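Going by my numbering, the letters in the sequence shown line up with residues 452 to 791, in that order.
Idealized CB from N, CA, C, for every residue including glycine.
Please read these numbers as outputs of a predicted model, since none were measured by experiment.
A quick write-up on the structure given underneath.
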Amino acid sequence: MFTGIIEATARVQESGNGILVIERPKTFDDLRIGSSIAVAGVCLSVVKLNKNCIQFEVVPETLQKTTLGSYKEGDTVNLERAMKVDARLDGHIVQGHVEGVGEVRSVSTSSPRPPPPSEERELLGKQWGASRVLPSNTKFFAREMRREPTAAESLLWDRIRRDRLGVRMRRQYVLDGQILDFYCPALKFAIEVDGGIHSEHLQKKSDTERDRYLLEEHGITTIRISNDRVFGDADVVVKDLLAYIQNITQQTSPSSEGGGVRGGGLHMSIPRNLFPFIVPKGSIALDGVSLTVASIEEDCISVALIPHTLENTTLGRLQKGDRVNIETDVLVRYAVKNRS
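Pasting the structure below:
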């Protein structure tokens with residue numbers, strides 16, 4: 452049994468011929484052969500594992516009735532270990548028995564796509580559109596840059612850290628082999644604090660290509676601020692950032708399917724046979740994530756997505772047409788069965 456509270460996301464390392472291999476999060480240190488893990492909402496048993504990866508066998512029926520058969524190397528999946536008897540039930544009772552697959556009709560989200568990479572993970576990424584394996588020292592450099600920031604970075608960070616802009620900022624954030632000086636997952640913008648070298652022609656060209664790549668591939672807008680501006684008047688820089696945040700926040704007001712919750716909303720079609728088990732304000736698991744049904748229409752449902760869910764699960768990267776595993780609330784299923 453699971454709760455629908457995702458513990459980690461991980462990359463698929465191998466998929467095919469009834470085998471699924473994923474990265475092993477470092478926090479999953481209590482696994483053994485036979486352990487149950489919900490992978491994108493599907494209950495699977497561990498058949499092999501080592502310190503770096505976990506292997507599962509996936510039967511044909513599961514491949515046919517869920518999205519697991521469509522995963523390929525590099526895709527990201529939600530993970531949750533089986534619930535402990537003495538633990539809190541923070542979500543709702545999730546069995547890991549997917550009943551059908553829905554299709555995203557529309558999504559309003561201010562979350563990044565893909566979601567934030569884990570510090571423990573080797574990533575697959577792209578460099579200006581060309582696939583490659585990221586160097587293993589990228590995260591090391593990011594950590595070093597956090598420990599020893601430039602004077603301008605340190606000055607600005609002191610003014611924007613701890614939600615002082617009204618949004619959570621991350622520093623030296625690794626994405627597709629690039630290290631973003633400061634990044635806001637909730638509003639999808641990055642801040643680059645540039646030294647004098649960035650005024651040189653070749654570097655400016657590289658910066659432009661990088662900014663365009665981040666915007667086109669991940670929907671991330673880059674704001675570039677020179678060291679001189681930060682040193683000249685950091686308070687004015689912060690004021691400009693606050694104005695920018697206020698502007699884009701007004702432009703991305705919650706949609707009706709978002710249920711009025713800051714973050715986003717998901718509107719998706721549902722198999723007809725599942726509608727008797729879905730109720731307004733009831734629970735539903737989408738790709739293993741425990742969510743509340745905001746509204747029900749003729750052949751669709753809407754759910755609200757809070758920023759934490761967007762940032763820490765795969766739901767933040769969904770697009771129109773994507774397929775999602777669905778499990779309705781088992782308590783509703785029992786109630787409907789008893790009533791009939």
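Where the beta strand (DSSP E) containing residue i begins and where it ends
i    : result
S741 : V740 to I747
D632 : Q629 to C635
N529 : T527 to R532
A736 : S734 to L737
G467 : A459 to G467
K499 : V493 to L500
Y624 : R621 to L626
L756 : C751 to L756
S487 : S487 to V490
Interface flag, residue i vs chain C, CB-CB below 8 Å
i    : result
F682 : This model lacks chain C altogether; it includes just one protein chain.
Contacts around residue i, its chain only, beta-carbon distance under 7 Å, and the 5 residues preceding and following it disregarded
i    : result
S720 : G553, E554, R556, D750 and C751
V783 : F728, V730 and G733
G647 : none
T779 : E550, L725, F728, I729 and I735
L666 : T672
Enclosing alpha helix (DSSP H) for residue i [first to last residue]
i    : result
V644 : It is not in any alpha helix (DSSP H) - V644 instead sits in the beta strand (DSSP E) that spans F640 to D645.
F592 : T589 to R598
S605 : A602 to I611
V681 : N678 to G683
Neighbourhood of residue i by C-beta distance below 6 Å, restricted to the same chain and skipping five residues each side
i    : result
F726 : none
Y634 : R621, Y624 and A641
S677 : D645
I630 : A593 and Q623
Spatial neighbours of residue i in its chain, beta-carbon cut-off 8 Å, leaving aside the 5 residues before and after
i    : result
G617 : L693 and I696
D481 : R532
K771 : V555, R556, S557 and V558
G469 : E508, V509, V510, P511 and L514
T527 : T460, A461, R462, V463, P565, P566, T765 and R768
S704 : Because the pLDDT at S704 is just 44, under 50, the model does not fix this residue reliably, and the value given afterwards should be weighed accordingly. There are no such residues.
V490 : L471, I473, F507, L519, V528, N529, L530 and G739
Residue i (DSSP reduced to helix, strand or coil)
i    : result
Y664 : helix
G767 : helix
I777 : strand
V536 : coil
T517 : coil
Y695 : helix
S650 : helix
E762 : helix
G553 : strand
G670 : coil
G507 : Looking at the sequence provided, one finds Phe at residue 507 rather than Gly. Here F507 sits in strand by DSSP.
R615 : coil
L482 : coil
E474 : strand
S559 : strand
Evaluate contact between the segment 510–518 and the segment 473–487, counting only Cβ atoms and requiring at least three cross-stretch pairs below 8 Å. no
Closer than 8 Å is the cut-off here; do at least three beta carbon pairs connect the segment 497–506 with the segment 536–544? no
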